[in-house]
Amino acid sequence: MLLLADQWKDYELIDMGNGEKLERWGNYVLRRPDPQVVWPMEAEWSLWKNPHGHYHRSNKGGGQWEHKKKYPEQWTISYKNLKFHIKPTGFKHTGLFPEQAANWEWSMDKIRNAKRPIKVLNLFAYTGGATVACAAAGAEVCHVDASKGMTTQAKENIKLSGLEDRKVRFIVDDVVKFVEREIRRGNKYDAIIMDPPSYGRGPKGEVWQIEEKLFDFVNLCMKVLSDKPLFFLINSYTTGFSPIVLENVLETTIGKKVKGGKIYGGELGIPASRDGKILPCGIFGRWESK
């Protein structure tokens, strides 16, 4: 299954080629590397040559932005009624993954159609795209990420979207330790979203390696699921991981715990406006109640 994030107005994937992509974020055009773009560029036309910012990778790892035209350190873009700060970082990221709009739409639809109060646990929550979407749909959200900076930006995104009055709890912590504490407290959630990195470290140096940790962590999360779960969503950008891996993890955890749900996986993609070519942008696995 391929899901396209094709309802954006403030974001546009303009073109891609030669390991790079050309994107419009609101009023600003950025040129960034993307390892999935292995085909050649048809022509390095004017916008390729003169974007606002061009991120160059370094042979030593990381990289830096070349500022070709003036643009602010931070600006705001909208997705329908949701608003987000865009803040280009030294690691090429902008603070938002636009392909996740396909998952936001699905999550919001599930929450609105539940016709009951829904509590969502968003793990490895980054700058809170899913947190904002679920809160806007009426859910109570617990947002957990090990990075204080990313969590601060998530709080800003909630305010930008006019959702300060919603029940959103922000936690800066190692996700495994947080879930273990929630189990001891007896707290339960109707929906769980997670976007685990391939490799990462918690605030106190806790090591996360997705191949070794994912199944055990998803299994641990079964203990904070409510008796009437609504959905469970896993995102992954890990190179070489198939959506079938995520389906199998869900099948052997929530699939065994809760009868009658539906499990499926697939890819997320964004179509380029120049020629309609699809940029693959990670995978997902979903369990949803019927």
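Counted from 1, the sequence shown has number 101 at position 101 by full-length UniProt numbering; the numbering is strictly sequential.
Beta carbons are placed, not taken as given, at the ideal position from N, Cα and C, and that holds for glycine.
Bridge pairing for A191: V120, F231 [DSSP].
Scanning the region 49 to 86 for uninterrupted beta strand (DSSP E) segments of 3 residues or longer gives 53 to 57, 63 to 67, 75 to 79, 82 to 86, listed from N- to C-terminal end. H56 and E211 have their C-alpha atoms roughly 30 Å apart.
Taking 8 Å as the cut-off, the Cβ atoms of G95 and K83 do not count as close.
Counting other Cβ atoms within 10 Å of its Cβ, L214 reaches 16 or more and is therefore classed as buried. Nearest C-alpha to I183 among K167, A137, A154, C221: C221. Under the DSSP definition of a beta bridge, F284 partners with N235, G266. In terms of Cα proximity to G240, the closest of C281, G260, L250, S226 is C281.
Non-local beta-carbon contacts of H67 in its own chain, meaning distances under 8 Å to residues more than five positions away in sequence, involve H52, G53 in chain order.
The DSSP-derived three-state label of L279 is strand. With distances taken between CA atoms, K262 lies nearest to L230 out of D275, T127, L230, A272. Of all C-beta pairs linking the region 132 to 149 to the region 109 to 122, three or more are shorter than 8 Å, placing the two stretches in contact. Between G90 and G62 a beta carbon distance of about 6 Å is seen, short of the 8 Å cut, so the two are scored as contacting. Bridge pairing for V168: V141 [DSSP]. The DSSP-derived three-state label of D15 is strand. Remark: three or more beta-carbon pairs, one from each stretch, lie closer than 8 Å, so the region 74 to 82 and the region 22 to 34 are flagged as touching. DSSP places R32 in the uninterrupted beta strand (DSSP E) bounded by 28 to 33. E20 is positioned such that its CB atom lies closer than 8 Å to that of D34. R112 carries a helical assignment under DSSP once its states are collapsed to helix, strand and coil. Per DSSP, the beta-bridge partners of W208 are G200.
Taking 8 Å as the upper bound for CB-CB distance, H143 and V176 are not in contact here, some 16 Å apart. In the three-state DSSP reduction, R274 falls in the coil class, being neither helix nor strand. Boundaries of the alpha helix (DSSP H) harbouring K177: 175 to 185, taken from the DSSP string.
DSSP, reduced to helix, strand and coil, places W8 outside both helices and strands of the structure shown, so it counts as coil. Here the C-alpha atom of E288 lies approximately 46 Å from the C-alpha atom of S46.
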